[in-house]
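Chains as they are written, first to last, in my numbering: chain A, 1 to 379; chain B, 1001 to 1231.
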């Protein structure tokens, strides 16, 4: 008798609206926060998938756990000797030194051998305009967002923050929009980066390609034993680390969503309970004229179901707009926040389950209403 | 049905409030046959409404047995009692007890929908009954848009929607002016004559009681006089 449930909801439109608002806010919070988690997961998966599984990353780190607490460390540039040491290791096929600098919060400059872009899986990135610089060029290729933020096109030049001398770097290429992490980078030839940042043949990180995948562990062990404060990380280690980081983020975002939904659930219990108390007489009359327990239970649950379906679906639709705005306004046109079908369907299902569960107790109170008492109250 | 439609054997109803016990019914034994028009009379607090509620499966006795068509009520669960109320008995209350948010037609159709019938079928039947009680023009009005007499006529139509064997009316004219009261009395009378339904009316309105063939007088939870049928 869904028509009766609908009629009752319309009859008490303020109460209905407030209950729906609670669910709406909770589901919007879950979907909006969840979209950032989902977007980051996607980014991690897509960027790690493009790098060869046998690649070893090397960095120079100093343990700062005494100063900064557990896990604290600082990355230092490796010097020329460190890079040379890596080149001499047995089983190494190719060594790619990369100079990396962060800027503007989101962005990163990477200087590397332009013949080695395959090691990062970058050979497939499509260009909006221009092309890769050669190793001899004093130019760079820019991620879409970097070019957008700096408002430059191919043929313009940029000055990279943090460079000692004011080098004018030619913009030689701009990647197509939506290239994932590469939306946020500036890539230039190693020699030129070395000159700009005065690293004298050093590197921030080195990527090593072994002759064979079976040598990965052996090379890693040698680096850590014989290198000067060098840390080697295999692709497996890197994946595990990133998964741990995104996992923590997932727990945080869904934790906030969960708390929001608990508050909403309490709201639902209160409004539905009040509504049952308000309608005690009506429920008593229904029982007096022959409604069985199932009918009463069904009506209360149907009311919860209608409210939750409408408000959860609406919350997902509104979140789509939110995320679009977040991506365009705050994240400068990236696709970092992402509402996946799993997230959308999961959030709606959760909203419905939450409401139906929160309606259980009020429904039970309704079922237990004594018709005689309800009728006497009306006399 | 050897015991008639209702049979009560030594029925007690004791209310306990803050340790004080009140005997609403004190050992009532009674048999009501099919087709009887019975009035239960008595001053307020004499237990007549409680008696009707116990007979009508709205309430359970503290002691004693109540049989409805030879089935003992105390052995039934809530849903079985609801089924009896829905199918066998139509209730008319002093305060009408209509559902405020529903129109006249929806109120009348409600017990039929509880009985598993669809919306359109129930509304069809409700329309027919509302026409019979003279509310053809007021079908889509909500209770607060109807006069007391009209609301009681809606309640009578509702009591008839599942075509029950018994109509139980608790002070049906209690809240009405003389004219509306007379109309309701006329309606009950013609109902009995036309359909031969068992009618049990709780009242202290002597004019309404006069229409009944059997008059049960109550005082302090006991039957003090049971004027048998002069049919």
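We put the beta carbon where it would ideally sit given N, CA and C, even for glycine.
From the DSSP output, in three-state form, read off residue i for me.
| i | result |
| --- | --- |
| residue 1156 of chain B | helix |
| residue 1015 of chain B | strand |
| residue 1071 of chain B | strand |
| residue 1169 of chain B | strand |
| residue 213 of chain A | helix |
| residue 180 of chain A | helix |
| residue 1066 of chain B | strand |
| residue 1217 of chain B | strand |
| residue 130 of chain A | strand |
| residue 142 of chain A | strand |
| residue 161 of chain A | coil |
| residue 1145 of chain B | helix |
| residue 1193 of chain B | helix |
| residue 284 of chain A | helix |
| residue 1094 of chain B | coil |
| residue 1076 of chain B | coil |
| residue 1174 of chain B | coil |
| residue 106 of chain A | coil |
| residue 79 of chain A | coil |
| residue 289 of chain A | coil |
Among the options, which has the Cα closest to the Cα of residue i?
| i | options | result |
| --- | --- | --- |
| residue 1053 of chain B | B:1008, B:1179 and B:1075 | B:1008 |
| residue 344 of chain A | A:13, A:104 and A:34 | A:34 |
| residue 163 of chain A | A:102, A:260, A:59 and A:324 | A:102 |
| residue 336 of chain A | A:36, A:26 and A:173 | A:36 |
| residue 192 of chain A | A:112, A:8 and A:235 | A:112 |
| residue 210 of chain A | A:224, A:104, A:92 and A:57 | A:92 |
| residue 1016 of chain B | B:1027, B:1046, B:1028 and B:1062 | B:1062 |
| residue 5 of chain A | A:309, A:316, A:25 and A:301 | A:301 |
| residue 307 of chain A | A:356, A:329, A:316 and A:294 | A:356 |
| residue 1065 of chain B | B:1106, B:1029, B:1020 and B:1100 | B:1029 |
| residue 79 of chain A | A:59, A:89, A:293 and A:94 | A:59 |
| residue 321 of chain A | A:31, A:127 and A:132 | A:31 |
Please compile the residues from chain A whose C-beta is within a distance smaller than 8 Å of the C-beta of residue i.
| i | result |
| --- | --- |
| residue 1099 of chain B | 282, 285 and 286 |
| residue 1153 of chain B | Under the 8 Å cutoff, chain A gives no residues; its nearest Cβ is about 16 Å from residue 1153 of chain B. |
What does residue i touch in chain B if you count any residue whose Cβ is under 9 Å from its own?
| i | result |
| --- | --- |
| residue 183 of chain A | Correct list: empty, because the minimum Cβ distance to chain B is about 56 Å. |
| residue 300 of chain A | None at all; the shortest Cβ gap to chain B is about 15 Å. |
Just the Cα atoms here: how many angstroms apart are residue i and residue j?
| i | j | result |
| --- | --- | --- |
| residue 54 of chain A | residue 303 of chain A | 57 Å |
| residue 1210 of chain B | residue 265 of chain A | 58 Å |
| residue 1143 of chain B | residue 1132 of chain B | 18 Å |
| residue 1204 of chain B | residue 1043 of chain B | 7 Å |
| residue 1081 of chain B | residue 251 of chain A | 51 Å |
| residue 379 of chain A | residue 290 of chain A | Confidence at residue 379 of chain A is low in this model, with a pLDDT of 48, below 50, so the placement of that residue should be treated as unreliable; the coordinate-derived value is given next. Approximately 20 Å between the Cα atoms of the pair. |
| residue 1075 of chain B | residue 28 of chain A | 51 Å |
| residue 18 of chain A | residue 314 of chain A | 14 Å |
| residue 16 of chain A | residue 156 of chain A | 58 Å |
| residue 1198 of chain B | residue 1035 of chain B | 4 Å |
| residue 43 of chain A | residue 229 of chain A | 30 Å |
| residue 202 of chain A | residue 97 of chain A | 7 Å |
| residue 340 of chain A | residue 1108 of chain B | 49 Å |
| residue 296 of chain A | residue 242 of chain A | 51 Å |
| residue 75 of chain A | residue 178 of chain A | 29 Å |
| residue 1096 of chain B | residue 1151 of chain B | 6 Å |
| residue 147 of chain A | residue 215 of chain A | 40 Å |
| residue 269 of chain A | residue 26 of chain A | 15 Å |
| residue 180 of chain A | residue 41 of chain A | 12 Å |
| residue 1087 of chain B | residue 317 of chain A | 47 Å |
| residue 109 of chain A | residue 182 of chain A | 11 Å |
Any heavy atom of the ligand ZN within a distance shorter than 6 Å of the CB on residue i?
| i | result |
| --- | --- |
| residue 1163 of chain B | Looking at this structure, you won't find the ligand ZN or any other ligand, since it has none at all. |
Output, in chain order, the set of chain A residues within a Cβ distance shorter than 9 Å of residue i.
| i | result |
| --- | --- |
| residue 1114 of chain B | 1, 286, 289, 290, 291, 292 and 295 |
| residue 1043 of chain B | Going along chain A, no residue has its Cβ under 9 Å from residue 1043 of chain B, so there is no contact; the nearest lies around 16 Å. |
| residue 1119 of chain B | 1 and 3 |
| residue 1071 of chain B | Within chain A, no residue comes near residue 1071 of chain B; the closest Cβ sits about 16 Å away, beyond 9 Å. |
| residue 1086 of chain B | 289, 290, 291 and 292 |
| residue 1158 of chain B | 289 |
Which chain D residues sit within Cβ distance under 7 Å of residue i?
| i | result |
| --- | --- |
| residue 11 of chain A | No chain D is present in this structure, whose protein chains are A and B. |
Which residues of chain B have a Cβ atom closer than 8 Å to the Cβ of residue i, listed in chain order?
| i | result |
| --- | --- |
| residue 371 of chain A | 1058 |
Whose Cβ in chain A lies nearer than 7 Å to the Cβ of residue i?
| i | result |
| --- | --- |
| residue 1078 of chain B | 293 |
| residue 1082 of chain B | 287, 290, 291 and 292 |
| residue 1053 of chain B | 372 |
| residue 1111 of chain B | 289 and 290 |
Taking residue i as the query, report the chain B residues whose CB atoms sit under 7 Å from its CB, ordered along the chain.
| i | result |
| --- | --- |
| residue 375 of chain A | 1093 and 1097 |
Exercise. Three or more C-beta pairs closer than 8 Å, one from the stretch 276 to 293 of chain A and one from the stretch 370 to 377 of chain A: is that the case here?
Worked result: yes
Exercise. Does the stretch 168 to 180 of chain A come close enough to the stretch 131 to 143 of chain A that 3 or more CB-CB pairs lie under 8 Å?
Worked result: yes
For this session: Indicate whether the contact test is met: 3 or more Cβ pairs, each with one atom in the stretch 1178 to 1188 of chain B and one in the stretch 1105 to 1123 of chain B, closer than 8 Å.
Result: no
Exercise. Counting pairs of beta carbons, one from the stretch 1057 to 1075 of chain B and one from the stretch 1207 to 1223 of chain B, are three or more of them closer than 8 Å?
Worked result: no
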